[in-house]
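If you use our numbering, the sequence shown closes out at 261, no skipped numbers anywhere. Worksheet: the structure to be examined is printed underneath.
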Amino acid sequence: MNLLFVDDNHACIETLVDIASGMGHTAAIAHDGAGCLALTASERFDSIFLDITLPDADGRELCTAIRARGPSSRARIIAMTGHTDLVVDSGEARFDGYLLKPISLQALELFLLSR
């Protein structure tokens, strides 16, 4: 699968990419909302792991923007957050799932194997 990981925590995202790559997936990285939108506008991703609280963007708004247009509009979008209260979502953002931080190896593997 072609994956995109979006998080401003460099150490966290590099670990996730290493795990995904070790499982045979191709992975790209964006550290902010602008980078995420640029990549999703030009490349098709099968799954996007998106931090909800980025310094320059709200992950829920990014999810809506990705779904609205571009080659990644049909990607499975998984929200990543350390805030359990954000998992209870109104449904507006249309995430396909949630991963609570810190993300365990088993949780990431389950999401990657489930598609």
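All C-beta atoms in this analysis are idealised placements derived from N, C-alpha and C, irrespective of residue type, glycine included.
Quiz item: When burial is assigned at 16 or more other CB atoms within 10 Å of the CB, is Ser193 buried or exposed?
Solution: Counting C-beta atoms within 10 angstroms of its own C-beta, Ser193 has 16 or more neighbours from the protein chains shown and is therefore classed as buried.
Quiz item: Going straight from the alpha carbon of Tyr244 to that of Arg222, what length do you get?
Solution: C-alpha separation (whole angstroms): 11 Å.
Self-check item: Given 8 Å, three or more beta-carbon pairs between the stretch 153 to 164 and the stretch 194 to 203
Solution: A contact exists between the stretch 153 to 164 and the stretch 194 to 203.
Practice problem: Identify the continuous beta strand (DSSP E) that holds Asp197 and give its terminal residues. | Solution: Run containing Asp197: 193 to 197, per the beta strand (DSSP E) assignment.
Quiz item: Ile212 and Ser218: beta carbons closer than 7 Å?
Solution: Taking 7 Å as the Cβ cut-off, Ile212 and Ser218 qualify as a contacting pair.
Practice problem: Would you grab the beta carbon distance between Leu268 and Cys182 for me? Rounded to a whole angstrom, and I think it's under 8 Å. | Solution: Given that the chain is displayed from residue 147 to residue 261, the structure contains no residue 268 and the question cannot be resolved.
Quiz prompt | Nonlocal neighbours in the same chain, by C-beta distance under 7 Å from Gly179, ignoring five residues either side | solution = Excluding positions up to five away in sequence, the list reads Leu200, Asp202, Ala203, Leu208.
Quiz item: Just checking my contact of Leu256 with Phe195 at CB under 8 Å: how many whole Å lie between their CB atoms?
Solution: The C-beta separation of Leu256 from Phe195 comes to about 13 Å, leaving the pair out of contact by the 8 Å criterion.
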